[in-house]
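So the structure is just underneath, and the comments pick up after that.
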Amino acid sequence: MAVKCGSPWNEKQKKEWKRYSDLESELIEKTYQTKERQVQLEQHIIDFKYIVQISKSNSNKKRPVKREVVEVGHYLRQKRFSYPEKPIKLFGSSDRCWKKSEFIFEWMQRNRAITSYPNIQWREIVEQAAK
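Mapping the sequence shown onto the UniProt record's numbering, position 33 (from 1) lands on 33, and the numbers just tick up by one.
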């Protein structure tokens, strides 16, 4: 399914169809196949009888929709549940070394004899601890 973007009745605007997300398309198609009159999406209702999308917040806002067969490989699958990446939050508090978690800090406090060597090889310590 696709919805016409822009003002659908303004002849001066470029007409462009926008696809619904994969999840919405699947819900729309399943509902259409069961011969129901409409399907409710998060912000819109699609009326199959009149072939329009109606805004839930303003029922006067309507746009035409169209049903079309889409080749699966033709469009890249849209990412689901994706959010802008955020910086990774450290496990420990910021006043400690930025690479060490609270767990490592506590371990170092309890094992000062091992951690006090100037050229300590952390890889070797981790390998020994894993044995």
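By construction, the Cβ of each residue, glycine as well, lies at the ideal position given by its N, Cα and C atoms.
Check	Outcome
Arginine 67 versus serine 59: straight-line alpha-carbon distance, rounded	22 angstroms
DSSP state of lysine 66 mapped onto helix, strand, coil	strand
Cβ pair leucine 41, glutamate 24 closer than 7 angstroms	yes
Three-way DSSP call (helix, strand, coil) for glutamine 128 in this model	helix
For isoleucine 114, three-class secondary structure by DSSP	helix
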